[in-house]
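In our numbering, the protein residues as written are 14 to 662.
By construction, the Cβ of each residue, glycine as well, lies at the ideal position given by its N, Cα and C atoms.
Here the structure is a predicted model, which is why all the values come from computation and not from measurement.
Here's the structure, in structure tokens; my notes come after.
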């Protein structure tokens, strides 16, 4: 992909916006260098990475990547077997701890069975170094300061420093409060040349006594070290030298322990930056309310309600833009103020975003192509140094473009053929468009030349278009009208502004009959398009309502089926419980019957007792069915004996 296209479309601003969502220095740098892919598989992989990021942002608030410094230079020093300072070791420690945190994060993601396509393959490349990480954590603070716990020797030296400093301050406090305080210009203890000193008035230098280490800018104050603390200051200095040596030893030892792991550190650094880019792409998509593009290998572009990402979403006008299936050329005609330029840039920027692996500012199911080159001639790029006119500048650019195009090229040309005689310019525009068509390239071109209004009607795979103009408000709506060529609104505007009708009528009369017929045809097309748009909006609304009703019905059906299954399962459980209970009762009754039968042989059981037990067993068999059957319950109630009823015995 040529580098000029990003400059023409101001794509660096998209990269800058995206980089603001990255937290690591290397991640930000990666975003500046993200390639515009031209291979279908590479584009799809990058899109899937973004989709993974969007899913993780939705479910887990994103991948936990903190602010990370670029450790590339520090790793190069390690490769040269050079020692690192505390700050560099701290930056490496941050990468190591983040590596461990990210690994744990994705272990939980796997446990939760969150479906991801590309990101897990990146995470597999991370390599924790627990032993070195633990030692660094015990030795280096976040700001690079070497902790007392780094070694017993360092701890002992710092205890000595602390005690000696206390002794010095105790000794010098006597000068601040005693009779010698009159010789001081201020009652403070300060440090000069790593020695504790007092601010003494210059005239009392000989009276105060001690060593002068510095003086004020006026020379009226001398910073003197009292003789009484010289030995203590010397002792403190010795401790400080010991501390410095021990710190240097510790830093070198830690650096040596990292040297065998430089490859792993490079890999971790790279993977974390890649994950940071994934996070940034997801956050940017969320901010734009962007959608996942469908990559079409046949270069069928269908952008639904697309808008330019550098414009405020609420103010931007969205458009449906279709190219590549029925037609490969769109020629937008009409006045210059209708938004044609921003439409061209919108198509180019969205196509670059998709081929870089970003979600796009367009509606669901939008499609993008795979163009090996995108060329643009937009705006006034004339060179002052070369003293080129506007026409020469544009024509030089177009000549260069036409030498490079093929059937996988997309061209965006603003005001094609402009800047010269209208008749010659329009002829050149037609010839250039015909040449582009012969190369089977894709093109969206704008022009204000009326000669191109009918260009799309007699050219294959070409369609005319225009930007809608509201005749009531005399303002452009910035809506793209595919299939409707643009027309001048000069007469309507002039009439609304009060120009006398006699002048307007005369002006109309000066137009050729062909131009008048063409304008009438365009006006009729616009009216038909508006009616069709209203009908389409109405049908779309009805479709949305029907879709919503269908979704509600499906959801209720699913809920009913789920409840049905649950209730059936509960009924089975209750039935099983009743069966088990009935079985226990039956076993108990049968046991009692057997006992009665044994007793009957001994003639000790009465006949009515045996009948009662058998009846109980019989009733147990029908009890549940009867309780649930209202009809049987009523019939049994009718036949039941009542008090006072006559019976035969």
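| Query | Result |
| --- | --- |
| Outcome for residue 285 when other beta-carbon atoms lying within 10 angstroms are tallied against a minimum of 16 | buried |
| Beta-carbon proximity of residue 440 to residue 460, cut-off 9 Å | no |
| Residue nearest to residue 487 in terms of C-alpha spacing, selected from 478, 468, 510 | 510 |
| Among 367, 194, 244, 102, nearest to residue 271 - alpha-carbon criterion | 102 |
| 6 Å CB neighbourhood of residue 481 in its chain, flanking five on each side removed | 490, 492, 494 |
| Helix, strand or coil at residue 86 according to DSSP, with G and I counted as helix | helix |
| DSSP-derived helix/strand/coil call for residue 240 | helix |
| For residue 357 and residue 666, believed in contact at Cβ under 8 Å, the rounded distance | Residue 666 falls outside the range modelled here, since the chain spans only 14 to 662, and no answer is possible. |
| Straight-line Cα distance separating residue 277 from residue 404 | 56 Å |
| Close Cβ partners of residue 295 (< 6 Å) along its chain, the five nearest in sequence each way excluded | 66, 67, 70 |
| Every unbroken alpha helix (DSSP H) inside the region 147-225 [4 residues or more] | 165-190, 218-221 |
| Distance between residue 86 and residue 220 (C-alpha atoms, nearest Å) | 55 Å |
| Alpha carbon of residue 208 to alpha carbon of residue 232, nearest angstrom | 19 Å |
| Other residues of its chain near residue 228: CB distance less than 8 Å, five sequence neighbours each side excluded | 215, 234, 235, 236 |
| Reduced DSSP secondary structure (H/G/I, E/B, other) of residue 417 | coil |
| For residue 195 and residue 201, the rounded distance between their alpha carbons | 13 Å |
| Nonlocal neighbours in the same chain, by C-beta distance under 8 Å from residue 354, ignoring five residues either side | 391, 392, 427, 459 |
| Distance, residue 468 Cα to residue 476 Cα | 8 Å |
| Beta-bridge pairing of residue 480 - partner residues as DSSP gives them | 493 |
| Euclidean distance between Cα positions of residue 503 and residue 306 | 40 Å |
| Separation of residue 91 from residue 269, as counted between CA atoms | 8 Å |
| Cα-Cα separation between residue 250 and residue 154, rounded to whole angstroms | 24 Å |
| Spatial neighbours of residue 429 in its chain, beta-carbon cut-off 6 Å, leaving aside the 5 residues before and after | 442, 458, 460 |
| As assigned by DSSP and simplified to three states, the class of residue 404 | helix |
| Whole-Å CB distance - residue 447 paired with residue 37, under 8 Å assumed | Their Cβ separation, rounded to whole angstroms, is 51 Å, which puts residue 447 and residue 37 out of contact at 8 Å. |
| CB contact flag (residue 316, residue 360, <9 Å) | yes |
| Straight-line gap, residue 15 to residue 62 (C-alpha atoms, nearest Å) | 25 Å |
| Residue 367 Cβ short of 8 Å to the ligand SAH heavy atom set | Absent from the structure shown: the ligand SAH. Ligands present: none. |
| Terminal residues of the alpha helix (DSSP H) in which residue 106 lies | 99-124 |
| Per-residue burial, residue 664 [other beta carbons within 10 Å of its own, 16 or more giving buried] | Residue coverage of the chain in this structure runs from 14 to 662, which leaves residue 664 outside it and unanswerable. |
| Start and end residues, alpha helix (DSSP H) containing residue 364 | 353-368 |
| Three-state secondary structure assigned by DSSP to residue 389 | strand |
| Proximity winner among 185, 253, 17, relative to residue 240 (alpha-carbon distances) | 185 |
| Span of the alpha helix (DSSP H), counted from its first residue to its last, around residue 127 | No alpha helix (DSSP H) holds residue 127; DSSP gives it neither H nor E. |
| Residue 64, enclosing beta strand (DSSP E) - first and last residue | Residue 64 -> not in any beta strand (DSSP E); alpha helix (DSSP H) instead, spanning 53-73. |
| Alpha carbon of residue 498 to alpha carbon of residue 335, nearest angstrom | 16 Å |
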